[in-house]
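K.L.:
When you read off a place in the sequence shown, starting at 1, and then add 10, the result is the number in the working numbering.
From the three backbone atoms N, C-alpha and C, an ideal C-beta is built for every residue, glycine too.
The structure is given below, and queries will be raised subsequently.
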Amino acid sequence: MMQLNFWAITVAAVVPLIMGFIWYHPKFLGKIWMQEVGLTEEKMKGSNMGFAFVFAFILSLLIAFFLQTVTIHQLGALSMVGGNQLNAKPSFIAFMSDYGAAYRSFGHGALHSFMAGVLFVFPLTAINAMFERKSWRYTFINTAYWTITITIMGGIVCGWYAPDGFNWATQK
């Protein structure tokens with residue numbers, strides 16, 4: 011039976027907070043980003059950052075949960091039987107027995123999530139930026155942040171599929 015690893019989802023959901031602290035820190039890209047969005051340090055200090063971090067974590071849980079569908083191919087096979095292996099035909103059980111852990115690794119999850127960053131996050135961010143009259147610099151700062159972030163998140167949710175194990179590379 012394929013189960014969700016809620017520890018992996020939770021750890022992956024912390025990644026955007028850690029990456030955001032690094033990426034948007036004034037000593038890295040924070041000053042440039044604030045200039046591009048028209049923020050000042052005074053405006054940043056006046057906001058409710060506690061709420062922002064809690065809500066960002068909740069939204070990050072949704073992203074981590076979704077990234078499983080992008081990175082774990084077995085979920086697609088499971089959807090073919092309505093999500094319930096008990097209703098599956100013996101051929102499905104045999105398939106999952108043979109391939110249930112195939113391509114379940116950090117590297118595989120990172121690859122598919124990186125592709126989602128380039129092929130989904132970049133166009134989405136660029137379209138919004140064009141209509142918001144934001145610069146390409148703004149687009150690349152945010153796209154790179156999200157692409158790197160979801161690459162790590164996807165690697166975690168794909169590679170950490172059992173509470174007692176983590177696979178960095180696809181098993182041969």
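On the CB-based measure, 16 or more other CB atoms within 10 Å of its CB, does H35 come out buried or exposed?
P.N.:
Taking the sequence shown and counting its residues from 1, one reaches residue 35 at position 25. With fewer than 16 other Cβ atoms within 10 Å, it is exposed.
K.L.:
I believe V21 touches I162 by the beta-carbon criterion, under 8 Å. Please report the beta-carbon distance rounded to the nearest angstrom.
P.N.:
Along the sequence shown, one-based indexing puts residue 21 at 11. Along the sequence shown, one-based indexing puts residue 162 at 152. Contact between V21 and I162 fails: their C-beta atoms lie close to 10 Å from each other, not under 8 Å.
K.L.:
By Cβ distance, which residues of its chain are closer than 8 Å to L27, with the 5 residues on each side in sequence left out?
P.N.:
Locating residue 27 in the sequence shown gives position 17, counting from the first residue. Excluding residues within five positions, the ones whose Cβ falls inside 8 Å are F63, A66, F67, S70.
K.L.:
What would DSSP say about G175, mapped onto helix, strand or coil?
P.N.:
Here residue 175 refers to the residue found at position 165 of the sequence shown. Three-state DSSP puts G175 in a strand.
K.L.:
Can you grab the Cα-Cα spacing for the pair G110 / A23, in whole Å?
P.N.:
As a first step, residue 110 is located in the sequence shown; it is residue number 100 there, counting from the start. As a first step, residue 23 is located in the sequence shown; it is residue number 13 there, counting from the start. Spanning the two alpha carbons is a distance of roughly 24 Å.
K.L.:
Anyone know if the C-beta pair for I137 and L77 falls short of 8 Å?
P.N.:
Translated into positions along the sequence shown, residue 137 becomes position 127. Translated into positions along the sequence shown, residue 77 becomes position 67. Contact annotation: I137 and L77 have beta-carbon atoms that are not nearer than 8 Å.
K.L.:
Are there 16 or more other CB atoms within 10 angstroms of the CB of F116, so buried, or fewer, so exposed?
P.N.:
In the sequence shown, counting from the first residue as 1, residue 116 sits at position 106. F116 comes out buried.
K.L.:
Nearest-angstrom Cα distance between F38 and L96?
P.N.:
Counting from one through the sequence shown, the residue named residue 38 turns up at place 28. Counting from one through the sequence shown, the residue named residue 96 turns up at place 86. About 51 Å.
K.L.:
Which one of Y113, R114, S89 has the shortest CA to CA distance from F102?
P.N.:
Sequence index remark: in the sequence shown, residue 102 carries index 92 (1-based). Per the Cα distances, S89.
K.L.:
Return the residue from the list R143, M29, M106 that minimises the CA-CA distance to G86.
P.N.:
On the sequence shown, position 76 is the one that residue 86 refers to. When each option's Cα is compared against that of G86, the closest is M106.
K.L.:
Under a three-way DSSP split, which group does R114 fall into?
P.N.:
Locating residue 114 in the sequence shown gives position 104, counting from the first residue. In the displayed model, R114 falls within coil according to three-state DSSP, outside both helix and strand.
K.L.:
Among the residues of its own chain, which have a CB less than 6 Å from the CB of F124, if the five just before and after it don't count?
P.N.:
Stepping through the sequence shown from its first residue, residue 124 is reached at position 114. Only T161 meet the Cβ criterion.
K.L.:
Answer with buried or exposed for V128, where buried requires no fewer than 16 other C-beta atoms within 10 angstroms of its C-beta.
P.N.:
Along the sequence shown, read from residue 1 onward, the residue named residue 128 stands at position 118. Burial call: exposed.
K.L.:
Check whether the Cβ atoms of I42 and I151 sit closer than 8 Å, and answer yes or no.
P.N.:
Residue numbering aside, residue 42 sits at position 32 when the sequence shown is read from its first letter. Residue numbering aside, residue 151 sits at position 141 when the sequence shown is read from its first letter. Contact: yes.
K.L.:
Helix, strand or coil: which one does DSSP assign to L39?
P.N.:
If you number the sequence shown from 1, residue 39 lands on position 29. DSSP places L39 in coil when its eight states are reduced to three.
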